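Under this note's numbering, the first residue of the sequence shown carries the number 52, and numbering increases by one thereafter. Taking it in order: structure first as structure tokens, then the write-up.
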Amino acid sequence: MFDVKNLHVRPTQAKVRKSIFQILEPFDGLEVLDLYAGVGTLGIEAMSRGASRVVFVEKNRRVFKVLQKNIELFESENSKLILMDVQKYLVQVKNQQFDIVLADPPYSEVSFSSVKDKAEQFLKPGGIFCMEMKKESIDETNVRVKHYGSTQVVFWKSAA
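If you want it as structure tokens, here you go:
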């Protein structure tokens, strides 16, 4: 996979990524939305584990070009890449539903609730929202939180 240099992108650590996917498995046939996609690490991992469709949303044009190259390497026809600010995407796009929504925003940019509340409309019944973020208290109920040093991953499941 291609990576970016000097663009202030924080890729998900391998141990965190492994844990996320062990918790969320199986992926066969699932539709996944990858918000703040960066170079595509999480979404590509979902495709490699059998996701039937992955939509990547990334706003940084230079990072997006690297994401495009990575998707080309994977040779997947089941992916869609969107160059757009995630907050705009969450407000403007309608009538799309996913089994899993992954979010890995810049740590200082948004809170869990601000993304989850908007992303919730994109979840199928029983779907899971998963967000990597800096370690902080979460003012939400019905969440599962996993800690990895200064990072935490928060999982929230929509009503079935």
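C-beta: ideal position from N, C-alpha, C; glycine also. All values derive from a computational prediction rather than experimental measurement.
In the pairwise beta carbon analysis, the stretch 101-109 is classified as touching the stretch 124-144: at least three pairs are separated by under 8 Å. Straight-line measurement puts the Cα of Glu76 at about 17 Å from the Cα of Ser209. Unbroken beta strand (DSSP E) stretches of 3 residues or longer found wholly inside the stretch 140-171: 149-154, given in chain order.
Distance from the CA of Asp190 to the CA of Met182, rounded to the nearest whole angstrom, comes to 14 Å.
Bridge pairing for Arg195: Phe206 [DSSP]. For Val67, the three-state secondary structure derived from DSSP is helix. In terms of Cβ geometry, Thr202 and Val67 form a close pair [threshold 9 Å].
If you draw a straight line from the Cα of Ser164 to the Cα of Val144, it is about 19 Å long.
The beta carbons of Val142 and Pro156 sit no closer together than 9 Å. By the neighbour-count criterion, in which 16 or more other beta carbons inside 10 Å mark a residue as buried, Ile122 falls on the buried side.
According to the DSSP secondary-structure assignment, Met184 is paired through a beta bridge with Gln203.
Ile71 is the residue among Ile71, Pro176, Ser127, Ser159 whose C-alpha sits nearest the C-alpha of Val205. By the CB criterion at 9 Å, Phe78 and Arg100 fall inside the cutoff.
For the pair Thr192 and Tyr199, the Cα-to-Cα distance works out to about 21 Å. Linking Lys186 to Arg104 through their CA atoms gives a straight-line distance of about 30 Å. In the three-state scheme derived from DSSP, where H, G and I count as helix and E and B as strand, Phe72 is classed as helix. Per the coordinates, the alpha-carbon of Ser162 lies some 15 Å from the alpha-carbon of Val152.
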